[in-house]
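Some notes on the structure that comes next.
Protein chains: 2
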Amino acid sequence: MNDVARLAGVSSQTVSRAVNSPNLLSPATLAKVRRAIDLLDYHPNVAAQSLANRTVKMIGLFMPFTQEQVKSNMFFHSLSATVCQRCAQHDFVLQLFTANPDESYVRLFKRLYREKRVGGLLLTCPSMNTKEIGELRSSAVPFVLIGRPAAPDLDVDYVDVDNAAGAHMAAQHLLNKGHRDIALLNAPKFMTLSEDLRSGVQRACQEQGEPVRFTEIHSELTYKSGLEIMRRLIASDSRPTGIITADDLLALTVKRAADEARLRIPEDIAVISTFASGWYDVMEPELTHVDTGFERIGIVAAEHMMKVILKKNPPPLRTVLDVKLTEGKST
Amino acid sequence: MNDVARLAGVSSQTVSRAVNSPNLLSPATLAKVRRAIDLLDYHPNVAAQSLANRTVKMIGLFMPFTQEQVKSNMFFHSLSATVCQRCAQHDFVLQLFTANPDESYVRLFKRLYREKRVGGLLLTCPSMNTKEIGELRSSAVPFVLIGRPAAPDLDVDYVDVDNAAGAHMAAQHLLNKGHRDIALLNAPKFMTLSEDLRSGVQRACQEQGEPVRFTEIHSELTYKSGLEIMRRLIASDSRPTGIITADDLLALTVKRAADEARLRIPEDIAVISTFASGWYDVMEPELTHVDTGFERIGIVAAEHMMKVILKKNPPPLRTVLDVKLTEGKST
DNA sequence: CCTCCATATGTTAGCGGAAACATTTCGTGA
DNA sequence: TCACGAAATGTTTCCGCTAACATATGGAGG
C-alpha cells in the first residue's frame with residue numbers, strides 16, 4: 001500500500017480511500033491512485049483489513065451431514081452453490097463446514113466467531129434443540145437457521161420453505177384424484193421436516209368430507225431404507241392407493257417396489273413427492289411433485305447475513321418461502 | 332491476549348507461546364496461562380495471526396460447475412466433505428468457490444492468493460488449458476490439480492484416479508465375458524477424463540486377439556442427454572452387446588432405454604460403469620462398476636497443500652490412485 | 001476582503017498477534 | 001565457589017490496513 005501511495009504521490013490513507021470509498025476522492029487523485037494500483041498489481045490484504053476495521057467478510061455454512069445423508073439430496077450442494085455465488089457478488093467468501101464437530105455445536109459456533117474465522121453463520125442442523133438455539137441466540141454470534149426452529153417464538157432469524165403447505169397440496173392433489181387411502185413415506189422423526197409433512201397431510205385429510213385412511217411411515221432418506229419399507233407396504237394387505245414421499249429419491253423406491261410387484265404407476269398406485277432434488281429426472285413416469293424452489297433459501301439467508309455483518313440492521317428474518325405443485329404423470 | 336497475560340501474571344508473548352509452542356514454557360507457567368485462557372474464554376484472532384506470521388491457514392477449493400453438471404455427480408460433494416474434514420483436523424479451514432468467475436481463472440487465483448484469502452488452492456477446472464496452468468505455475472500461488480493436466484510433463488502437483496486403467500479393466504471385463512461389440516458412453520470431449528476412458532478401452536480391445544467392434548459416443552453427464560443417446564443406439568441396427576459408461580447416472584439411462592426396448596440386462600445387453608457415485612444404489616440389477624475410491628483424492632490433495640502452506644517442503648505430488656473393479660449383476 | 005463551511009487529503013494511533021532479540025534464571029561441572 | 005550455557009521469560013518492533021482526528025484548499029456569501 002505504501003508503494004502504491006509513493007508511486008501515486010499521495011498518502012497511504014488515500015490509497016485506502018481509493019479502495020474503500022472512492023467517492024471521497026477527487027477524480028484526478030482517484031485516477032492517479034488507480035493507475036498506480038494497476039501498475040503495481042496491488043491487492044489489499046484481507047486479514048489486515050478485517051483486523052483494522054473489525055468486520056469479517058466471511059460467511060460460514062454449516063452442514064453436518066454424513067455422506068449417506070447428503071447423497072440423497074441435492075439440497076446441500078445447491079445451498080452451498082447459491083450461497084457461494086451470492087457471497088462472491090459482495091466480496092464475501094464462503095467457508096464450508098461439513099465435518100461433524102468434536103465439541104458441541106454452540107461451543108464450536110462461538111469459537112469460530114470469536115476467532116474471527118467467520119462474520120456469521122448459516123446453520124442447517126436438524127439435531128440442534130431449542131435450548132441450544134436459545135443459548136446461541138444469547139451470545140453475540142450472528143446466525144440464520146436454514147429451516148425454522150421447533151419453537152416458533154424463539155426470536156431467531158430463519159428461512160424455510162413451507163413444507164407443511166407442500167404436504168397439504170400433495171395430499172389434496174391425491175384426494176382430488178379420488179384417493180382415500182394415503183400413505184406418507186416420511187423423513188426420519190428427528191428432522192423437524194417430518195412433523196411439517198405429517199401435519200400438512202393430516203390437515204388435508206381432515207378437510208376432506210369423507211373418511212380417509214392415512215398411514216405414516218418414517219424412513220431414512222436413502223434408497224435402501226425406502227425400498228425396504230415400500231416392499232413391505234406394497235406386499236401388505238393394506239396397500240394404500242396413493243403415496244406421498246418426503247423426497248424424490250424415496251419416490252424412486254416406490255417405483256421400484258411397484259415394478260417388482262407388477263403394479264402400474266399411476267393406475268394401481270400413485271406417487272407424489274413433496275420435494276424434488278436431483279433424482280427427479282430419473283423417475284418414470286414423470287413424477288408429480290411439489291416444487292420447493294429451495295435454491296431461494298441460500299440467497300435469502302446469505303443476503304440477510306451480509307447485511308447483518310455490514311451492520312445494516314436488517315429487519316428480523318422470518319421467511320417461509322411458498323411452494324407450488326407441478327403435475328407429472330405419476331398420479 | 333493482554334488480559335490473559337495480566338491475569339496470569341506473565342507477558343503477552345508468553346501467552347502467545349502457550350498457544351503456539353507450549354513446549355517452550357515451564358509446566359507451571361503453562362498451567363497458569365491455560366487457566367487464565369479458560370477463565371477469560373480467550374480465542375486467538377486468526378486474522379491477526381495470519382498478519383503477524385504471514386501464513387494463511389485456509390485452503391480454497393475451486394469447483395466451477397453448473398448445477399446441472401454437479402447434480403449428476405457425487406464427486407463434488409464428496410470432495411468438499413473430505414477436504415473440509417481434513418482441514419478441520421489441522422486447524423485449517425475450507426473456502427469453497429463454485430461460482431464461475433467473471434475474470435480469468437489465473438487472474439482470480441492470483442488475486443485470492445495475493446489478498447491472503449487462501450494459503451493455497453485445490454483446483455478442479457477441466458477447462459483450464461496447458462497455457463493457463465503454466466502461467467499459474469510460474470506465479471507464487473501454491474496449487475494442486477484435481478485430475479492431472481493434459482500435458483504430463485508440466486511440473487505441477489496433481490492427484491488423479493487412474494481412469495484409463497479403470498476403463499481398461501471395464502473393457503477387459505466385457506471382453507472376458509465374450510462381448511465383441513462394445514460401446515463407450517463417454518463424458519463430454521472437453522473433459523480430459525474422456526480421453527483417458529477412450530484410450531483405456533481401446534487398449535483393451537487391441538490387446539484382445541480377436542477383432543472387436545468399438546463405438547464411442549460422447550454425452551453430457553446428465554440423464555436426459557444419456558437417455559436420448561441410448562435410445563437411439565439401442566434402436567439402431569448396430570446395437571452393441573456391452574456398454575461402458577463414464578458414470579453411473581449414464582448407466583441408469585442404459586437401463587431405462589433397455590427397459591423401453593424390452594431388452595434384459597445383462598442377458599441382452601451388459602452395462603458397466605467406470606465411475607460410481609451416488610446413483611449406484613438405484614440401479615437394478617446391481618451395477619458392475621469400477622470403484623475409484625475418489626474420496627481419497629481430497630485427502631491426498633489437502634494434506635499436500637497443508638504441508639506446502641506450512642512450508643514443510645513436501646516432495647512433488649504426482650499421484651495417480653489405483654482403482655478396482657466391483658462385479659455386480661449387470662454384466 | 002474576510003469568515004465559514006464543505007471538500008479533499010494527510011497524520012497518528014491502534015487492530016491482535018508473533019518474530020527477533022534481550023534478559024533473567026537456574027542447574028552443571030570444574 | 002564461580003563461570004557458563006541452556007531454558008524460561010520479557011521487550012521491542014512490525015505485519016498491512018483503517019478509524020479518528022487534524023489540516024489544507026477552494027468557493028460562496030456577507
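Chains as they are written, first to last, in the working numbering: chain A, 1 to 331; chain B, 332 to 662.
C-beta atoms are modelled at their ideal positions from N, C-alpha and C, and glycine is treated no differently.
None of the values given here were measured: they were computed from a predicted structure.
Query - Minimum Cβ-Cβ distance from residue 555 of chain B to chain A less than 8 angstroms - result: Numbered from its first residue, the second sequence carries residue 555 of chain B at position 224. Proximity of residue 555 of chain B to chain A, defined by a Cβ-Cβ separation below 8 angstroms, is satisfied.
Requested in this report: May I have the straight-line CA-CA distance separating residue 446 of chain B from residue 383 of chain B, to the nearest angstrom?
Outcome: As a first step, residue 446 of chain B must be located in the second sequence, where it is residue number 115. As a first step, residue 383 of chain B must be located in the second sequence, where it is residue number 52. Approximately 15 angstroms between the Cα atoms of the pair.
Query - Alpha carbon of residue 664 of chain B to alpha carbon of residue 89 of chain A, nearest angstrom - result: Residue 664 of chain B lies beyond the residue range present for chain B, which begins at 332 and ends at 662; the question has no answer from this structure.
Query raised in the report: According to DSSP, what are the bridge partners of residue 492 of chain B?
Result: Here the question's residue 492 of chain B lines up with position 161 in the second sequence. Looking at the DSSP assignment, residue 492 of chain B forms a beta bridge with B:652.
Query raised in the report: Any residues in the region 81 to 115 of chain A with a beta carbon nearer than 7 angstroms to a beta carbon of chain B? Which ones, in chain order?
Result: For the region 81 to 115 of chain A, which is checked against every Cβ of chain B, the residues closer than 7 angstroms are 81, 84, 85, 88, 93, 94, 95, 96, 97, 98, 99, 111, 114 and 115.
**Report entry** Distance between residue 113 of chain A and residue 537 of chain B (C-alpha atoms, nearest Å)
**Finding:** Counting from 1 along the second sequence, the entry for residue 537 of chain B is found at position 206. Counting from 1 along the first sequence, the entry for residue 113 of chain A is found at position 113. Going from the Cα of residue 537 of chain B to the Cα of residue 113 of chain A covers about 60 angstroms.
Query - Between the CA atoms of residue 276 of chain A and residue 186 of chain A - distance to the nearest angstrom - result: As a first step, residue 186 of chain A must be located in the first sequence, where it is residue number 186. As a first step, residue 276 of chain A must be located in the first sequence, where it is residue number 276. When rounded, the distance between both Cα atoms is 14 angstroms.
Report task. Within the same chain, show all residues whose beta-carbon is closer than 8 angstroms to that of residue 285 of chain A, passing over the 5 residues directly before and after it, in chain order. Result -> Here residue 285 of chain A corresponds to residue number 285 of the first sequence, with the count starting at 1. Leaving aside the five residues that flank residue 285 of chain A on each side, the residues in its chain whose CB is nearer than 8 angstroms to its CB run, in chain order, 265, 266, 328, 329 and 330.
Query raised in the report: Considering only the beta carbon of each residue, do residue 451 of chain B and residue 654 of chain B sit closer than 8 angstroms?
Result: Position 120 of the second sequence, counting from 1, holds the residue named residue 451 of chain B. Position 323 of the second sequence, counting from 1, holds the residue named residue 654 of chain B. Remark: C-beta atoms of residue 451 of chain B and residue 654 of chain B do not approach each other more closely than 8 angstroms.
Requested in this report: Measure the alpha-carbon distance for residue 578 of chain B versus residue 633 of chain B and round it to whole angstroms.
Outcome: Taking the second sequence and counting its residues from 1, one reaches residue 578 of chain B at position 247. Taking the second sequence and counting its residues from 1, one reaches residue 633 of chain B at position 302. Their Cα atoms are separated by approximately 25 angstroms.
Query raised in the report: Alpha carbon to alpha carbon, what distance is there between residue 429 of chain B and residue 333 of chain B?
Result: Translated into the one-based positions of the second sequence, residue 333 of chain B becomes position 2. Translated into the one-based positions of the second sequence, residue 429 of chain B becomes position 98. If I take the Cα positions, the gap works out to 40 angstroms.
Query raised in the report: What do you get for residue 13 of chain A, buried or exposed, if any count of 16 or more other CB atoms within 10 angstroms of its CB means buried?
Result: Residue mapping note: residue 13 of chain A aligns to position 13 of the first sequence, counting from 1. By the 16-neighbour rule on beta-carbons within 10 angstroms, residue 13 of chain A is exposed.
Report task. Output the boundary residues of the beta strand (DSSP E) element that contains residue 540 of chain B. Result -> For this step, residue 540 of chain B is matched to residue 209 along the second sequence. That residue, residue 540 of chain B, is in no beta strand (DSSP E); it is neither H nor E in DSSP.
Requested in this report: Using a Cβ-Cβ cut-off of less than 7 angstroms, list which residues of the region 594 to 623 of chain B approach chain A; keep chain order.
Outcome: Along the region 594 to 623 of chain B, going in chain order, the ones with a CB nearer than 7 angstroms to a CB of chain A are 609, 612, 613 and 615.
Query raised in the report: Does residue 375 of chain B have its Cβ less than 8 angstroms from a Cβ in chain A?
Result: By 1-based counting over the second sequence, the position of residue 375 of chain B is 44. Closer than 8 angstroms: yes.
Query - In DSSP terms, what residue 213 of chain A is bridged to - result: Here residue 213 of chain A corresponds to residue number 213 of the first sequence, with the count starting at 1. The beta-bridge partner set that DSSP reports for residue 213 of chain A consists of A:181.
Query raised in the report: Under a three-way DSSP split, which group does residue 549 of chain B fall into?
Result: Within the second sequence, numbered from 1, the residue matching residue 549 of chain B stands at position 218. The three-state reading of DSSP puts residue 549 of chain B in strand, counting E and B together.
Query raised in the report: What residues in the region 3 to 24 of chain A have a beta carbon less than 8 angstroms from any beta carbon of chain B?
Result: Against chain B - using a Cβ distance shorter than 8 angstroms - the region 3 to 24 of chain A contributes no residues.
Query raised in the report: For the 8 angstroms Cβ check, are there 3 or more pairs between the region 168 to 185 of chain A and the region 131 to 140 of chain A?
Result: In short, these stretches do not touch, since the Cβ pair count stays below three.
**Report entry** CB contact flag (residue 122 of chain A, residue 305 of chain A, <8 angstroms)
**Finding:** If you number the first sequence from 1, residue 122 of chain A lands on position 122. If you number the first sequence from 1, residue 305 of chain A lands on position 305. A contact, by the Cβ cut-off of 8 angstroms.
Query - Length of the line joining the Cα atoms of residue 236 of chain A and residue 593 of chain B - result: Here the question's residue 236 of chain A lines up with position 236 in the first sequence. Here the question's residue 593 of chain B lines up with position 262 in the second sequence. Spanning the two alpha carbons is a distance of roughly 29 angstroms.
Query raised in the report: Cβ of residue 84 of chain A within 8 angstroms of Cβ of residue 427 of chain B?
Result: As a first step, residue 84 of chain A is located in the first sequence; it is residue number 84 there, counting from the start. As a first step, residue 427 of chain B is located in the second sequence; it is residue number 96 there, counting from the start. Result yes, Cβ atoms of residue 84 of chain A and residue 427 of chain B sit closer than 8 angstroms.
Query raised in the report: Looking only at DSSP bridge pairs, what is residue 474 of chain B linked to?
Result: On the second sequence, residue 474 of chain B is found 143 positions in, with the first residue counted as 1. Residue 474 of chain B pairs with B:452.
**Report entry** Where residue 51 of chain A meets chain B, residues with beta-carbon distance less than 8 angstroms
**Finding:** What you label residue 51 of chain A is simply residue 51 of the first sequence in a count that begins at 1. In chain order: 376, 378, 379 and 382.
Query raised in the report: Can you tell which of A:164, A:252, A:203 and A:280 has the C-alpha that lies nearest to the C-alpha of residue 227 of chain A?
Result: In the first sequence, counting from the first residue as 1, residue 227 of chain A sits at position 227. Nearest option by C-alpha distance: A:252.
Query raised in the report: Looking at the C-beta of residue 549 of chain B, does it have a partner C-beta in chain A at a distance below 8 angstroms?
Result: The residue you call residue 549 of chain B lines up with position 218 of the second sequence. For residue 549 of chain B, the answer is no, since every Cβ of chain A falls outside 8 angstroms of its Cβ.
Report task. Rank B:391, B:409, B:385 and B:370 by C-alpha distance to the C-alpha of residue 642 of chain B and give the top, closest one. Result -> The count along the second sequence starts at 1 and reaches residue 642 of chain B at position 311. Of the candidates B:391, B:409, B:385 and B:370, the residue whose Cα lies closest to the Cα of residue 642 of chain B is B:385.
Query raised in the report: Across which residues does DSSP place residue 389 of chain B in a beta bridge pair?
Result: In the second sequence, residue 389 of chain B corresponds to position 58, counting from 1. According to DSSP, which records beta bridges pairwise, residue 389 of chain B is partnered with B:424.
Requested in this report: Could you check the C-alpha separation between residue 591 of chain B and residue 562 of chain B for me, to the nearest Å?
Outcome: Working through the second sequence from its first residue, we reach residue 591 of chain B at position 260. Working through the second sequence from its first residue, we reach residue 562 of chain B at position 231. Distance between the alpha carbons of residue 591 of chain B and residue 562 of chain B is about 8 angstroms.
Query - N- and C-terminal bounds of the alpha helix (DSSP H) containing residue 14 of chain A - result: As a position in the first sequence, residue 14 of chain A is number 14, starting the count at 1. Segment 12 to 20, the alpha helix (DSSP H) holding residue 14 of chain A.
Requested in this report: Quick one: list the residues of chain B neighbouring residue 252 of chain A, beta-carbon separation under 9 angstroms, in chain order.
Outcome: Translated into the one-based positions of the first sequence, residue 252 of chain A becomes position 252. The answer, in chain order, is 613.
Report task. Compare the beta carbon distance of residue 118 of chain A and residue 209 of chain A with 8 angstroms and say whether it is the shorter of the two. Result -> Along the first sequence, one-based indexing puts residue 118 of chain A at 118. Along the first sequence, one-based indexing puts residue 209 of chain A at 209. With contacts defined as CB atoms closer than 8 angstroms, residue 118 of chain A and residue 209 of chain A fail to qualify as a contacting pair.
Query raised in the report: Pick from A:18, A:308 and A:290: whose alpha carbon is nearest that of residue 162 of chain A?
Result: Residue numbering aside, residue 162 of chain A sits at position 162 when the first sequence is read from its first letter. Cα-wise, what sits closest to residue 162 of chain A is A:290.
Query - Assigned exposure category for residue 287 of chain A - 16 Cβ within 10 Å defines buried - result: The sequence position of residue 287 of chain A within the first sequence is 287, counting from 1. Answer is buried; the Cβ neighbour count reaches 16.
Query - Pairwise C-alpha distance: residue 409 of chain B and residue 67 of chain A - result: As a working mapping, residue 67 of chain A is identified with position 67 in the first sequence. As a working mapping, residue 409 of chain B is identified with position 78 in the second sequence. If you take the alpha carbons of residue 67 of chain A and residue 409 of chain B, they lie about 7 angstroms apart.
Query raised in the report: Leaving out five residues before and five after residue 178 of chain A in sequence, what residues of the same chain have Cβ atoms less than 8 angstroms from its Cβ?
Result: Working through the first sequence from its first residue, we reach residue 178 of chain A at position 178. Excluding residues within five positions, none has a Cβ falling inside 8 angstroms.
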